[in-house]
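> Dropping a structure here in structure tokens format, bear with me for questions.
There are 2 protein chains.
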Amino acid sequence: MEDEVDRLVAAWRRERPDLDVEPLEVLSRVSRLARHLDRARRIAFSEHGLEPWEFDVLTSLRRAGAPYQLSPGQLLTQTLVTSGTMTNRIDRLTKKGLVERQPDPSDRRGVLVRLTREGQDRADQALAGLLAQEREILAQLSDRQRDDLAALLRHLVAPFDNMDNVPG
Amino acid sequence: MEDEVDRLVAAWRRERPDLDVEPLEVLSRVSRLARHLDRARRIAFSEHGLEPWEFDVLTSLRRAGAPYQLSPGQLLTQTLVTSGTMTNRIDRLTKKGLVERQPDPSDRRGVLVRLTREGQDRADQALAGLLAQEREILAQLSDRQRDDLAALLRHLVAPFDNMDNVPG
DNA sequence: TCCAAGTATCTCGACGTCAAGATTTCTTGG
DNA sequence: CCAAGAAATCTTGACGTCGAGATACTTGGA
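Chains A and B supply the protein sequences, listed in that same order. If you count by the working numbering, then the first sequence holds residues 11 to 178, one letter each, in order. If you count by the working numbering, then the second sequence holds residues 11 to 178, one letter each, in order.
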């Protein structure tokens, strides 16, 4: 089946026949698919009363394991946002009762953000919903194709991931 | 080579051994790779004095072919932003001298946004830079792997693309 | 002990986006 | 030919993010 990138590439070949636009066949599809996935996730999460950014923070804490707490700084590196943004997010999640701030007993500058019971339940429910949705999207592919795709994508992502990229 | 998604999946398997998190192997990689690509593009474009959103608008006009003009409404559907955002973008691009607004001769409600000579040159230069960068990223893969990857991604994107998704 | 440099978090102002509504112009049925 | 609705664009206010700087605490060396 044809997609938007096929049309995009055809347009460039018409307007700039001198250029080799083949890289777009892969990387433009990655970007567009990511955009579609963002939208789909937003819808899936809203069924559990969560925004995507809330899911990111809550699941980072959830994955940390009991007692489900991390410093704001650790959350920064996991979610790739800046410190001002994280302060704001923690404020709002606190107001919703999904996390709570506690003083770090070993460093008086520090704070520990801890998942509440409610926060943990919401994160778990939203994750289950997300996985169900993603399984539907992936139903387009055979098991073998899924594995191949994951492996190919790993080749492209790994150089970035092992390159140390942390915002302020 | 290992990547962040391997670590993510391992963490979930430890914390939620009851769940099948395999879909993340594909779709989380797509999202993360897209994020890395956004950053890389931002850097590549800045060498030509452009922001990513400026590139999006300028290249939409460029692909339209001579005389390189589209209505704001057509630009909306191509770039997937809302009308208020597009008005703002056209304002800023006009101030930079990269596009100009002209009255639509056949509809007095309408406006046509046209690429200036300068705008066209910038778009062409930035596209060449982008393609060079993307070729480097894809050097991780063989020609065969690239083709396979593009085909697999098309399977996943096509259902979304042929689903009519247009914002306000 | 004391100070300088480093670290952790928060505060604040600027900016871009969105969503809803306002305005102007076109279209169409009666 | 007109009135009502549709269409195209712009305006406005709220919101989340960023980035730089402020504040408070810690650490290591003199």
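Think of the CB as a built atom: it goes at the ideal place given N, C-alpha and C, for glycine as much as any other residue.
1) Is any beta-carbon of chain B found at less than 8 Å from that of phenylalanine 170 of chain A?
2) Run the CB neighbour count on arginine 164 of chain B, radius 10 Å, all protein chains shown included, and call it buried at 16 or more, exposed below.
3) Mind checking arginine 145 of chain A: buried by the 16 CB within 10 Å criterion, or exposed?
4) Run the proximity test for leucine 159 of chain A: is its beta-carbon closer than 7 Å to any non-hydrogen atom belonging to the ligand GDP?
5) Comparing the C-beta of aspartate 66 of chain A with each C-beta of chain B, is any distance below 8 Å?
6) Could you tell me whether the stretch 98-115 of chain B touches the stretch 71-90 of chain B, where touching means 3 or more Cβ pairs closer than 8 Å?
7) Report the partner residues of glutamate 110 of chain A according to the DSSP bridge assignment.
8) Once you ignore the five residues that flank leucine 122 of chain B on each side, which residues in its own chain have a CB closer than 8 Å to its CB?
9) Under a CB-based cut-off of 8 Å, is glycine 5 of chain A close to chain B?
10) Are the CB atoms of glycine 139 of chain B and histidine 46 of chain B within a distance shorter than 8 Å?
11) Using only the alpha-carbon positions, how far apart do leucine 108 of chain B and aspartate 48 of chain B sit?
12) Per DSSP, what kind of secondary structure is glutamine 150 of chain B in: helix, strand or coil?
13) Quick one: which chain B residues come within Cβ less than 7 Å of alanine 21 of chain A?
14) Work out the CA separation of arginine 118 of chain A and glutamate 12 of chain A for me, nearest whole Å.
15) Do you know offhand how far isoleucine 53 of chain B's Cα is from arginine 42 of chain A's?
16) Taking Cβ positions only, does valine 109 of chain B come closer than 8 Å to chain A?
17) Kindly give me the distance between the Cβ atoms of leucine 141 of chain A and leucine 71 of chain A, rounded to whole angstroms, as I take these residues to be in contact under 8 Å.
18) Looking at aspartate 158 of chain B: is its Cβ nearer than 8 Å to the Cβ of leucine 162 of chain A?
19) Quick one: which chain B residues come within Cβ less than 7 Å of glutamate 35 of chain A?
In terms of the structure at hand:
1) Within the first sequence, the letter at position 160 stands for residue 170 of chain A. Chain B, which has a Cβ nearer than 8 Å to the Cβ of phenylalanine 170 of chain A, makes this yes.
2) Locating residue 164 of chain B in the second sequence gives position 154, counting from the first residue. Result: buried.
3) On the first sequence, residue 145 of chain A is found 135 positions in, with the first residue counted as 1. Exposed.
4) This structure lacks the ligand GDP, and indeed carries no ligand of any kind.
5) Taking the first residue of the first sequence as 1, we reach residue 66 of chain A at position 56. For aspartate 66 of chain A, the answer is no, since every Cβ of chain B falls outside 8 Å of its Cβ.
6) yes
7) Taking the first sequence and counting its residues from 1, one reaches residue 110 of chain A at position 100. Answer by DSSP bridge pairing, in chain order: A:Arg124.
8) The count along the second sequence starts at 1 and reaches residue 122 of chain B at position 112. For leucine 122 of chain B, where only same-chain residues beyond five positions count, the Cβ hits under 8 Å are Gln79, Leu80, Ser81, Arg111, Gln112, Pro113, Asp114.
9) Coverage of chain A is limited to positions 11 through 178, which leaves residue 5 of chain A absent and any answer about it impossible.
10) Numbered from 1 along the second sequence, position 36 holds the residue referred to as residue 46 of chain B. Numbered from 1 along the second sequence, position 129 holds the residue referred to as residue 139 of chain B. No, they are not a contact pair.
11) To locate residue 108 of chain B, count along the second sequence from 1; it is residue 98. To locate residue 48 of chain B, count along the second sequence from 1; it is residue 38. Their backbone Cα atoms lie some 22 Å apart in a straight line.
12) As a working mapping, residue 150 of chain B is identified with position 140 in the second sequence. Reduced to three states, the DSSP call for glutamine 150 of chain B is coil.
13) Locating residue 21 of chain A in the first sequence gives position 11, where the first residue counts as 1. Within 7 Å Cβ-Cβ: Arg73.
14) Position 2 of the first sequence, counting from 1, holds the residue named residue 12 of chain A. Position 108 of the first sequence, counting from 1, holds the residue named residue 118 of chain A. Going by the C-alpha atoms only, they are around 58 Å apart.
15) Residue numbering aside, residue 53 of chain B sits at position 43 when the second sequence is read from its first letter. Residue numbering aside, residue 42 of chain A sits at position 32 when the first sequence is read from its first letter. Looking at the two C-alpha atoms, the distance is approximately 19 Å.
16) Against the second sequence, residue 109 of chain B aligns to sequence position 99. Not closer than 8 Å to any Cβ of chain A, the Cβ of valine 109 of chain B fails to qualify, so no.
17) On the first sequence, position 131 is the one that residue 141 of chain A refers to. On the first sequence, position 61 is the one that residue 71 of chain A refers to. Actually they do not touch by this definition, with Cβ atoms about 18 Å apart.
18) Locating residue 158 of chain B in the second sequence gives position 148, counting from the first residue. Locating residue 162 of chain A in the first sequence gives position 152, counting from the first residue. Yes, Cβ-Cβ distance for aspartate 158 of chain B and leucine 162 of chain A is below 8 Å.
19) Taking the first residue of the first sequence as 1, we reach residue 35 of chain A at position 25. Within 7 Å Cβ-Cβ: Ala160.
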